[in-house]
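These protein sequence lines are chains A and B, in that order. Numbering of the first sequence is given in my numbering, commencing with residue 1 and proceeding in unit increments. Numbering of the second sequence is given in my numbering, commencing with residue 320 and proceeding in unit increments. From the three backbone atoms N, C-alpha and C, an ideal C-beta is built for every residue, glycine too.
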Amino acid sequence: MARALNEGLRKAMEADPKVLVMGEDVGKLGGVFRVTDGLQKDFGEDRVIDTPLSESGIVGTAIGLAMRGFRPVCEIQFDGFVFPAFDQIVSQLAKLRYRSSGNVRMPVTIRIPFGGGIGAVEHHSESPEALFCHVAGLKVVSCSNPVDAYFMIQQSIASDDPVIFFEPKRRYWEKAEVDPAMTPDPIDAARVVRPGRDVTVVAYGPMVKTAMDAATAAEKEGRELEVLDLRSLSPLDDATLLESVRRTGRCVVVHEAAGNGGLGAEVAARVSEAAFYSLEAPVLRVTGLDTPYPPSRLEETYLPDLDRVLDAVDRVLAW
Amino acid sequence: MAVGDSFVTAGDLDVAGLTARERDPDLVQLLTPEGERVHHPDYDVSLSDADYRSLYRDLALVRRVDVEATALQRQGELGIWASLLGQEAAQVGSGRALAPDDMVFPTYREHGVAWCRGVDPMVLLGLFRGVNLGGWDPAVHNFGLYSIVIGAQTLHATGYAMGMQRDGGDKNAVVAYFGDGASSQGDVNEAFVWAAVYNAPVVFFCQNNQWAISEPLERQTRIPLFKRAHGFGFPGIRVDGNDVLASYAVTKKSLEDARSGQGPTLIEAFTYRMGAHTTSDDPTRYRLASELEAWKLRDPLERMKSFLYKQQIVDQSFFTALDAEADELARRLRTGCREMPDPEPLAIFDHVYADGSTHLDTQRAGFESYLDSFADTAEETR
Ligand SMILES: Cc1ncc(C[n+]2csc(CCOP(=O)(O)OP(=O)(O)O)c2C)c(N)n1
Chain A
1 MARALNEGLR KAMEADPKVL VMGEDVGKLG GVFRVTDGLQ KDFGEDRVID TPLSESGIVG
61 TAIGLAMRGF RPVCEIQFDG FVFPAFDQIV SQLAKLRYRS SGNVRMPVTI RIPFGGGIGA
121 VEHHSESPEA LFCHVAGLKV VSCSNPVDAY FMIQQSIASD DPVIFFEPKR RYWEKAEVDP
181 AMTPDPIDAA RVVRPGRDVT VVAYGPMVKT AMDAATAAEK EGRELEVLDL RSLSPLDDAT
241 LLESVRRTGR CVVVHEAAGN GGLGAEVAAR VSEAAFYSLE APVLRVTGLD TPYPPSRLEE
301 TYLPDLDRVL DAVDRVLAW
Chain B
320 MAVGDSFVTA GDLDVAGLTA RERDPDLVQL LTPEGERVHH PDYDVSLSDA DYRSLYRDLA
380 LVRRVDVEAT ALQRQGELGI WASLLGQEAA QVGSGRALAP DDMVFPTYRE HGVAWCRGVD
440 PMVLLGLFRG VNLGGWDPAV HNFGLYSIVI GAQTLHATGY AMGMQRDGGD KNAVVAYFGD
500 GASSQGDVNE AFVWAAVYNA PVVFFCQNNQ WAISEPLERQ TRIPLFKRAH GFGFPGIRVD
560 GNDVLASYAV TKKSLEDARS GQGPTLIEAF TYRMGAHTTS DDPTRYRLAS ELEAWKLRDP
620 LERMKSFLYK QQIVDQSFFT ALDAEADELA RRLRTGCREM PDPEPLAIFD HVYADGSTHL
680 DTQRAGFESY LDSFADTAEE TR
């Protein structure tokens with residue numbers, strides 16, 4: 001997936017000289033996950049910018065560059081370090097279009113490697129997506145596989161709206177063939193990645209693979225799970241979500257972020273509001289616990305795994 | 320003038336002064352790289368032979384902790400390690416200048432300062448092993464928790480110093496440690512503003528180790544970092560961070576100034592990160608081996624060692640005994656680290672709120688029975 005993102009960035013930079021890549025260590029080092037590897041060598045230091053160690057600065061100056069006609073792609077090195085830039089993102093980036101009555105465009109993409117499962121120290125395993133979904137004016141997306149990574153990064157850069165692009169860091173090494181000639185799904189569309197009739201399992205980013213593994217395991221017990229990859233977290237693709245839940249009558253939402261006030265709550269509310277009479281059971285959430293992200297020796301316990309997904313599936317089916 | 324001439328690119332700017340040179344009048348040095356004792360009109364110290372020996376002992380043991388931890392990471396016992404190789408003198412010098420009641424706000428690389436504060440290195444290993452997130456009580460050793468978010472602790476240090484000011488009475492000071500990269504953060508610059516306008520008793524100790532992961536100093540600043548302090552309204556000093564005596568003297572003086580109501584000081588300890596940024600980093604991608612070779616000649620331990628020999632403060636038996644002590648320390652760390660148990664799963668729920676939380680209590684109970692259900696299944700299948 002890291003390679004796919006790299007190729008996607010390269011494609012976008014070739015297509016439009018106004019596309020810039022900026023962040024800490026993105027140049028010579030190629031980023032700590034090597035997503036920007038080789039870009040500075042090929043596009044130069046003016047387009048692949050090693051920035052000072054200053055996240056507020058990265059996003060704040062990207063806003064100015066965007067006003068000047070550039071399309072900056074900012075890398076925030078790790079999820080837990082986006083907060084120094086949070087003010088610029090929430091108070092400025094998200095609102096400039098609205099404040100200017102649509103006169104200002106903000107084609108800024110902010111890439112954030114997110115989530116746990118790699119045994120890192122504190123502040124390197126967070127899932128802050130819900131904090132951004134709550135902010136109007138931002139698009140929030142997450143890729144779960146190399147094909148989406150390749151196309152969604154290009155679609156984000158092409159968008160005139162700010163996009164917060166969450167990359168599931170523990171899936172960076174996931175492999176798949178990418179056919180650059182194919183026609184990608186729109187960036188704001190959810191996708192049924194595995195059809196099934198018994199339960200809709202809603203996931204995104206790192207949890208799509210876990211949901212798929214659960215579906216494979218459930219199959220052995222004669223249960224057909226439908227796995228839905230949200231892809232776009234804000235806005236949500238209600239149509240695809242509701243269509244699936246109306247068909248299966250059951251819904252389990254899975255994410256790594258804490259449950260309290262998380263995206264699962266939004267999904268559950270929308271399903272209850274719009275598809276109440278199709279439901280055979282309440283919508284269940286399988287999420288991280290409502291504690292700070294724990295030290296790495298406990299992250300296996302904290303993170304939703306196949307067993308917890310299957311347990312929730314059992315419970316919605318037993319209703 | 321052709322179009323474009325007015326653009327100045329980063330590479331064209333004069334960066335003179337960013338690099339400290341030996342015998343630079345702006346660089347406080349008390350020991351030359353060859354171990355010659357030199358004197359400085361403003362910063363000098365007179366220490367006993369026992370002090371000199373004990374400073375060297377700290378340098379050597381701290382290095383040994385670092386070498387051992389790096390090895391433990393390679394063996395899979397630690398998730399990651401942030402090495403302080405090359406920065407021992409800056410840390411031990413400044414750490415030893417502290418009074419017991421002074422407070423320290425460190426980043427994640429301050430193992431040498433932790434050592435001087437009496438924090439057992441085993442505790443640090445726990446953090447890097449991933450069994451806790453620090454877990455020590457800052458009040459016990461007057462040593463704050465490691466800060467991984469760059470620069471955040473400089474504001475905490477300033478606030479703590481303002482608290483000391485308000486408590487009056489005892490005269491103590493605070494040291495905030497941070498790196499050259501951190502100097503670009505808003506928080507650090509805000510800390511400078513606050514410390515200056517409230518005249519807070521805080522010493523900002525910047526270990527300029529030349530690199531912020533892959534980014535050289537020139538990516539963070541166009542003037543020597545110590546000169547920034549002037550713009551905020553307090554003094555800045557550049558000290559040879561590979562010189563333990565100078566680091567000690569300059570920190571001591573700055574702490575005294577802070578304690579006596581003269582406000583903050585910025586110390587730029589000019590040093591070098593001889594290892595990788597962390598054990599996950601590959602410095603060969605961004606820096607030349609020759610740079611490291613040049614800095615090896617300024618190794619802080621070698622410098623002090625040759626001073627001790629030249630002054631005939633020690634003989635070979637001192638080093639033999641110290642090696643044995645270091646071996647013993649390493650053995651203790653190795654065994655202790657390997658035997659460190661993983662925390663109990665339900666420990667996840669501990670210490671989230673001082674007041675407790677009924678919601679978390681419910682979640683904990685639910686999670687406990689969920690975990691128990693596996694134990695039951697295991698029993699059934701037996
Ligand atoms: C706010 C924030 N942004 C990014 C990072 C990732 N990061 C960790 S260390 C580091 C470089 C720090 O350089 P410096 O301040 O010079 O300290 P050094 O590691 O060299 O001691 C970076 C970018 C972080 N920890 N916190």
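- At least one beta carbon of chain A lies nearer than 8 Å to the beta carbon of H678 of chain B.
- D562 of chain B sits buried, since 16 or more C-beta atoms from the chains shown fall within 10 Å of its C-beta.
- Counted as a single uninterrupted DSSP element, the alpha helix (DSSP H) harbouring H549 of chain B occupies residues 544 to 551.
- When the beta-carbon positions are compared, I110 of chain A and F151 of chain A stay at least 8 Å from each other.
- Residues of the region 635 to 665 of chain B with a Cβ closer than 8 Å to any Cβ of chain A, in chain order: D661, P662, P664.
- Runs of the alpha helix (DSSP H) spanning 4 or more residues and lying entirely within the region 244 to 286 of chain A occur at 263 to 275, in chain order.
- Remark: the C-beta of R592 of chain B is in contact range of ligand 1, defined as less than 7 Å to any heavy atom.
- Within the model, the alpha-carbon separation for E658 of chain B versus P440 of chain B is close to 15 Å.
- Remark: the shortest separation between the CB of H596 of chain B and any heavy atom of ligand 1 falls under 7 Å.
- Leaving aside the five residues that flank C435 of chain B on each side, the residues in its chain whose CB is nearer than 8 Å to its CB run, in chain order, D377, Q410, V411, G414, R415, L417.
- The beta carbon of D305 of chain A sits closer than 7 Å to the beta carbons of T210 from its chain, once the five residues preceding and following it are set aside; these are given in chain order.
- Secondary structure of F589 of chain B (DSSP, three-state): strand.
- Listed in chain order, the positions of the region 63 to 77 of chain A with a beta carbon within less than 8 Å of a beta carbon of chain B would be empty, since no residue qualifies.
- Below the 8 Å Cβ cutoff, chain A contributes R308, D311 as neighbours of Y689 of chain B, in chain order.
- Between the C-alpha atoms of D421 of chain B and V494 of chain B there is a straight-line separation of about 8 Å.
- Setting aside the 5 residues that flank it on each side, G550 of chain B has no residue in the same chain whose C-beta is closer than 8 Å to its C-beta.
- Going by DSSP, R111 of chain A is part of the beta strand (DSSP E) stretching over 109 to 114.
- Residues of the region 38 to 66 of chain A with a C-beta less than 9 Å from any C-beta of chain B: E45, D46, D50, T51, P52, L53, S54, E55, S56, G57, listed in chain order.
- Closer than 9 Å at the C-beta level to chain A, one finds these residues of the region 476 to 500 of chain B: G498, D499, G500.
- V90 of chain A sits in a helix when the DSSP states are folded into three classes.
- Shown here for A214 of chain A: same chain residues with a beta carbon closer than 6 Å to its own, the five before and five after excluded, namely L306, V309, L310 in chain order.
- Taking a Cβ-Cβ cut-off of 8 Å, R592 of chain B has no neighbours in chain A, whose nearest Cβ is about 14 Å from it.
- Nearest CB-CB separation between I586 of chain B and chain A: not below the 8 Å threshold.
- Under a criterion of Cβ atoms nearer than 8 Å, no residue of chain A is adjacent to Q406 of chain B; the nearest Cβ is some 18 Å distant.
- Apart from the 5 residues on each side of it in sequence, P162 of chain A sits with its Cβ closer than 6 Å to the Cβ of L93, M106, V108, L138 in its chain, given in chain order.
- For the region 529 to 543 of chain B, the residues whose beta carbon sits under 7 Å from a beta carbon of chain A are, in order, A531, I532, S533, E534, R538, Q539.
- Taking a Cβ-Cβ cut-off of 7 Å, R393 of chain B has no neighbours in chain A, whose nearest Cβ is about 15 Å from it.
- H460 of chain B and V438 of chain B have their C-alpha atoms some 7 Å from each other.
- Put simply, of A:V193, A:A312, A:E219, A:D16 the residue whose alpha carbon is nearest the alpha carbon of S244 of chain A is A:V193.
- Counting only the Cα atoms, P619 of chain B lies some 7 Å from E407 of chain B.
- Within chain B, the residues I467, V468 have their CB atoms less than 9 Å from the CB of H123 of chain A, given in chain order.
- Taking all protein chains in view, the Cβ of N528 of chain B is crowded by 16 or more other Cβ atoms within 10 Å, so the residue is classified as buried.
- For ligand 1, a non-hydrogen atom lies closer than 7 Å to the CB of F81 of chain A.
- When DSSP states are grouped into helix, strand and coil, N518 of chain B belongs to the coil group.
- The beta-carbon of L228 of chain A is placed no less than 8 Å from the nearest beta-carbon of chain B.
- Contacts with chain A at 8 Å (Cβ-Cβ) include I667 of chain B.
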